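In terms of the UniProt record's numbering, the sequence shown opens at residue 1 and continues consecutively.
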Amino acid sequence: MPVVEAVATVPVPPELAFAVSQTVAPVRYRWDPFVREQHFVDGAIRPGRGVRTFTRSRHGLVMVSEYVSWAPPTNVGMKMVRGPWFFERFGGGWRFAPGPEPGTTLATWRYNFRCRPAFLRPVAERIGVWLLRRDIRRRIAGYAAGCADPEVLAAARRSLPPERRR
Numbered sequence: 001m002p003v004v005e006a007v008a009t010v011p012v013p014p015e016l017a018f019a020v021s022q023t024v025a026p027v028r029y030r031w032d033p034f035v036r037e038q039h040f041v042d043g044a045i046r047p048g049r050g051v052r053t054f055t056r057s058r059h060g061l062v063m064v065s066e067y068v069s070w071a072p073p074t075n076v077g078m079k080m081v082r083g084p085w086f087f088e089r090f091g092g093g094w095r096f097a098p099g100p101e102p103g104t105t106l107a108t109w110r111y112n113f114r115c116r117p118a119f120l121r122p123v124a125e126r127i128g129v130w131l132l133r134r135d136i137r138r139r140i141a142g143y144a145a146g147c148a149d150p151e152v153l154a155a156a157r158r159s160l161p162p163e164r165r166r
């Protein structure tokens, strides 16, 4: 399966970097250029393993995803449950590690996917790599800007346990 990846160093510690990545509407719309609409489904009120989300992209595509891993503040993984017809499979993972300087984080975002129908896969996946690489780079750049946005950071801090809000 093809994989695309983007990496950014952000000026906040891993716990806060992770929290920024998990912000929800309307704050998420300040930094995430990919998302036009996003919300939890099935009555969920916060992220976690097994929780599903509905996402409508700025392109108008809709996907329902499920958290398959949830390990704050180091990583989160999701898989597509329902989505665009041309994806047979789609998954994403975000990792957060201490950055090169104190108080920074190295954020690594990765998508993997498989296109259908099978006879178009060789061409479709080449196009998919090009499009998704462009999209993930824009998205991580928006995320990095969010990690410097006082409103986004304030919302992310509120999601942390009181003793960890710094």
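Beta carbons: idealized from backbone N, C-alpha and C, even for Gly.
Being a predicted model, the structure only gives us computed values, none of them experimental.
Is residue i buried or exposed, if buried means 16 or more other CB atoms sit within 10 Å of its CB?
i: Pro113; result: Before going further, note that residue 113 is Phe rather than Pro in the sequence given. With 16 or more Cβ atoms within 10 Å of its Cβ, Phe113 is classed as buried.
i: Val12; result: buried
i: Pro161; result: exposed
By Cβ distance below 8 Å, which residues in the same chain neighbour residue i in space, the five residues on each side in sequence not counted?
i: His39; result: Val24, Ala25, Thr53 and Phe54
i: Arg139; result: Ala6, Asp32, Pro33, Phe34 and Trp109
i: Asn75; result: Ser69, Gly93, Trp94, Arg95 and Phe96
i: Glu15; result: Pro72, Pro73, Leu160 and Arg164
Give every residue of the same chain whose Cβ lies closer than 6 Å to the Cβ of residue i, excluding the five residues on either side of it in the sequence, and list them in chain order.
i: Asp42; result: Arg52
Take residue i and list the residues in its own chain whose beta-carbon comes closer than 7 Å to its own, dropping the five residues that flank it on each side.
i: Ala145; result: Trp31
Looking only at C-alpha atoms, which of the options sits nearest to residue i?
i: Thr105; options: Val10, Val3 and Ala124; result: Val10
i: Met78; options: Val129, Ala156, Tyr67 and Leu16; result: Tyr67
Check this for me: beta carbons of residue i and residue j, under 7 Å apart or not?
i: Val27; j: Tyr111; result: no
i: Glu125; j: Pro2; result: yes
i: Val20; j: Cys147; result: yes
i: Phe119; j: Pro72; result: no
i: Ser57; j: Met80; result: no
i: Cys115; j: Phe86; result: yes
Tell me whether residue i, by its Cβ, gets closer than 6 Å to a heavy atom of the ligand MG.
i: Val27; result: Ligands displayed in this structure: none; no statement on the ligand MG is therefore possible.
Classify residue i as helix, strand or coil using the three-state DSSP reduction.
i: Gly93; result: strand
i: Gly48; result: coil
i: Leu160; result: coil
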